[in-house]
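Sequential numbering of the sequence shown, starting at 321, is according to my numbering. Below: one structure, written as structure tokens.
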Amino acid sequence: MMVLRCRMVADCPGARCLCWILLFVSVQLAGCARFQTEYGASEGVSGSESLNGFGALRAALEGSSANVLPEIQTHEVARLSQREVDNEALVWIPTAWPPINRQEVQQWLDRWLAQDGRTLIFIVPDAGSDEAYFREAADTAPPDQRLAYRRRLAQEINERILADANRSDVTLGGWFTAQSLPFRVSLSDRRFVDFSLVANPTVTAGNAAPPPPPATEQTHALEVLEQESVDAPSGSSKLTTLARLTSRRWKGSQVLLVPSGSLLTNFAMTDVSARAMAGRLANEIRRASDLPVEASIDVGFLSSSYSPVPISQAKAGFPKTKGWELMTEMPLSLINMHVAFLGIVLCLMLLPAFGRPRRIRYNRPTHFGNHLSAMAALMRRGGGTAYAKSKISQYLRQVRGETSGPWVQPPTDAADPATTSETKQLE
């Protein structure tokens, strides 16, 4: 829906009114069941049109303003491979937790972060922004459609209550733990939080000095970047919405933790707070990369579920080709080159501009007319009509003994050597 596009909403009252007008129009035209609510997509139709997509976040990270450089370029990551090692940042958006090969993925990310200047943005999966959208839509929809939206809102509330009861913690190895809150906490500006970030036993919170660890143990530090004041039964308290995880092994690299995906969905990005967080994420990526102004920062978006995250690693030793890759190795590569050249020649032969080979119609070799045609061709090449008449006259004089007639020519004074030799052969 058009209302979900972040770039159409500016930080001014007039733009906010335009946003609500677009919301009214989309509600009247689309209804309750036509727009998408898929969670986790960042590209394509689902990423830009879905209520719980992250296309707006991706668009907010891309590019740069006049005084904020270098430029950020984003792309989709289908697998963790050697090609993705050169990325300055990765945005990991799980749709379900954990993937089957979570440990292998964490090991790959740990080696990637050890290169220095890398940034991993981990967005903890949650239930999305469906309930928030239908709560606002039920209040702003036309009177004849409010009942349908309220029914859908009641359905979303029931599903959220079930999700609150069945929600489990999200733990990424010894890095951090996102503890599930007893109930979803509503923040200002259409944002919700389902988890709170806590320190693992080997992780130190804030700037406190960690105890000296063993030589084989990694020490991490969890730093709170942004907090929100929320109302709790025991009074007002602070809830972390953005944190930074660092390690001695990672040098200048960092892991930015977003405790809930509803903080940065397309619906949340229609307001100021989510766009401000996206801007801070972009600045943190630029700060950690420390690239020159003329360079560009490559950011990959990785989406995962319960299925394994594909990982491709180059093995040591002589590379072994498989399948069609064998056609590029010797000696098949040399043969293929000649086959390709002959194929080009064959294509040129069959082109209409050059023409196709003409079929010649052959006669029977015993036909007497062929002999006459061959003799006439020889005689024409020998001297034309005059030469033929001289031969006929010679035949009539020497073989038949005639001295006059229409074909008998007067004798010449000097005998032609060629004629003399042919006469001897006739005799």
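All C-beta atoms in this analysis are idealised placements derived from N, C-alpha and C, irrespective of residue type, glycine included.
Give me the Cβ distance between residue 432 and residue 405, rounded to the nearest whole Å; I'm assuming they're in contact under 8 Å.
Going by Cβ atoms, the distance from residue 432 to residue 405 rounds to 6 Å, so yes, they are a contact pair.
Does the beta-carbon of residue 496 have 16 or more other beta-carbons within 10 angstroms, so that it is buried, or is it exposed?
By the neighbour-count rule (16 or more Cβ atoms within 10 Å), residue 496 is buried.
By how many angstroms is the C-alpha of residue 470 removed from the C-alpha of residue 454?
Approximately 8 Å between the Cα atoms of the pair.
Cβ neighbour criterion (16 or more within 10 Å) applied to residue 272:
Since the displayed the chain opens at 321 and closes at 747, residue 272 lies outside it and no answer follows.
Nearest to residue 382 by alpha carbon, out of 629, 603 and 461?
The shortest Cα separation from residue 382 among 629, 603 and 461 belongs to 603.
Measuring alpha carbon to alpha carbon, tell me which residue in 371, 365, 363 and 359 is nearest residue 586.
When the alpha-carbon of residue 586 is set against those of 371, 365, 363 and 359, the nearest one is in 371.
Could you check which residue in 513, 411 and 420 has the C-alpha nearest to that of residue 505?
Proximity to residue 505 across 513, 411 and 420 peaks at 513, based on C-alpha coordinates.
Can we say the region 602 to 620 touches the region 403 to 418, given the rule of at least three CB pairs closer than 8 Å?
Touching, per the Cβ criterion.
Would you mind sorting residue 441 into buried or exposed? The rule is 16 or more other CB atoms within 10 Å of its CB.
Counting Cβ neighbours within 10 Å, residue 441 comes out buried, since at least 16 surround it.
Using the Cα positions of residue 421 and residue 415, report the straight-line distance between them to the nearest angstrom.
Near 15 Å, if we compare the C-alpha coordinates of residue 415 and residue 421.
Measuring alpha carbon to alpha carbon, tell me which residue in 491, 559 and 542 is nearest residue 511.
Each of 491, 559 and 542 was checked against the Cα of residue 511, and the nearest Cα belongs to 559.
What are the boundary residues of the alpha helix (DSSP H) that residue 430 is part of?
Unbroken alpha helix (DSSP H) run through residue 430: 422 to 433.
Identity of the residues DSSP links to residue 414 by a beta bridge:
Secondary-structure assignment with DSSP links residue 414 through a beta bridge to 624.
Nearest to residue 517 by alpha carbon, out of 712, 561 and 571?
The option with the nearest alpha carbon to residue 517 is 561.
Is the region 537 to 548 close to the region 472 to 491, with three or more CB pairs under 8 Å?
Contact between the region 537 to 548 and the region 472 to 491 is not established, with fewer than three Cβ pairs separated by less than 8 Å.
Please list, in chain order, all residues of the same chain as residue 557 whose beta carbon is under 7 Å from its beta carbon, the five residues on each side excluded.
Taking C-beta separations shorter than 7 Å and ignoring five residues to either side along the sequence, the partners of residue 557 in its chain run 550, following chain order.
Name the one or two DSSP bridge partners that residue 567 has.
The bridge partners DSSP lists for residue 567 are 540.
Could you please give me the residues that DSSP links to residue 546 through a beta bridge?
562.
Uninterrupted beta strand (DSSP E) stretches inside the region 434 to 473 (no shorter than 3 residues)
Fully enclosed beta strand (DSSP E) runs of 3 or longer: 439 to 443.
Determine, using beta carbons only, whether residue 428 and residue 445 come nearer to each other than 7 Å.
When the beta-carbon positions are compared, residue 428 and residue 445 stay at least 7 Å from each other.
Going by the DSSP bridge assignment, what does residue 708 pair with across the sheet?
According to DSSP, which records beta bridges pairwise, residue 708 is partnered with nothing at all.
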